[in-house]
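See below for the structure under consideration.
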Amino acid sequence: MQSHSRRCAGVVLAVALGACSQSNSPKAVVAVKPAVPKAIVLAPQPDPDAVVQSATVEPSPIFDEQYHGPDQGSLESVTALFARGYIESAMRETMLAAVHIDYPLLGMRDVRLTDPVSKFLTSPQARKTAHDYLYAGLARRLDRPLSPTQWAQIWQQLPQQGRLSDWVKQIKRVVAAR
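Each residue of the sequence shown is one higher than the one before, counting from 1 in full-length UniProt numbering.
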């Protein structure tokens with residue numbers, strides 16, 4: 001029995017020595033990243049009570065940003081502006097139409113109320129256009145046609161060497177005096 005106990009003691013001693021002989025160097029610490037839960041993607045389930053009516057499905061309306069009114073500087077646009085009382089805008093569009101005869105590349109940004117009228121009435125044709133547009137617009141605003149003598153008197157009172165704003169003031173006086 002003694003030999004058996006010696007063997008056990010030898011094994012215990014070997015294990016103890018083995019544990020002591022291992023190096024006690026610190027082991028590298030690995031940071032554990034927290035597990036990010038993954039989102040569960042669920043496929044949409046069809047509604048068993050839904051009724052599909054494919055024959056009556058209409059396309060949704062498309063928003064259209066394009067302006068569909070009369071062209072800027074046209075007689076229709078000028079008379080519509082006069083009718084609504086937008087005298088300044090109507091006068092600017094009148095002068096745009098007049099100047100387009102001689103300078104077709106100019107736009108509404110080039111017509112300001114502070115500009116001299118002579119800038120726009122550059123030819124006899126441009127003067128006639130302004131004359132006709134103002135007559136039509138003023139007749140529409142007054143809601144009655146003007147006699148040739150009435151219109152001639154109004155046209156002569158417009159300052160030919162003035163600014164566009166002077167013409168606007170004069171047209172407003174005529175409208176107010178109806």
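For glycine and all other residues, C-beta sits at the position ideal for the given N, C-alpha and C. Just so we're clear, the structure is a prediction, and the values are computed from it rather than from any experiment.
Q | Proximity below 7 angstroms, CB of Ala-136 to CB of Thr-94 | A | Counting from 1 along the sequence shown, the entry for residue 136 is found at position 136. Counting from 1 along the sequence shown, the entry for residue 94 is found at position 94. Not closer than 7 angstroms, so no.
Q | DSSP state of Pro-104 mapped onto helix, strand, coil | A | Translated into positions along the sequence shown, residue 104 becomes position 104. Coil, per DSSP.
Q. For Leu-81 versus Ser-89, is the C-beta distance shorter than 7 angstroms?
A. As a working mapping, residue 81 is identified with position 81 in the sequence shown. As a working mapping, residue 89 is identified with position 89 in the sequence shown. The answer is yes: Cβ separation under 7 angstroms.
Q. Would you call the CB atoms of Val-175 and Met-91 closer than 7 angstroms?
A. Residue mapping note: residue 175 aligns to position 175 of the sequence shown, counting from 1. Residue mapping note: residue 91 aligns to position 91 of the sequence shown, counting from 1. No. Outside cutoff.
Q) At a cut of 8 angstroms, does the segment 96-106 reach the segment 152-166 through at least three beta carbon pairs? A) no
(Q) Could you tell me the alpha carbon to alpha carbon distance between Asp-132 and Ala-98, rounded to whole angstroms? (A) The residue you call residue 132 lines up with position 132 of the sequence shown. The residue you call residue 98 lines up with position 98 of the sequence shown. Cα-Cα distance, rounded: 10 angstroms.
Q. Hey, which unbroken runs of the alpha helix (DSSP H) at 4 residues or more fall wholly within the segment 120-175?
A. 124-142, 148-157
Q: Within 10 angstroms of the Cβ of Arg-109, are there 16 or more other Cβ atoms? Answer buried if so, exposed if not.
A: In the sequence shown, the residue the question calls residue 109 occupies position 109. Classification for Arg-109: exposed.
Q) Can you tell me whether Leu-42 is buried or exposed, with buried defined as 16 or more other CB within 10 angstroms of its CB? A) In the sequence shown, counting from the first residue as 1, residue 42 sits at position 42. Counting Cβ neighbours within 10 Å, Leu-42 comes out exposed, since fewer than 16 surround it.
Q) What are the partner residues of Pro-116, as DSSP defines its beta bridges? A) Mapped onto the sequence shown, residue 116 falls at position 116. Arg-163.
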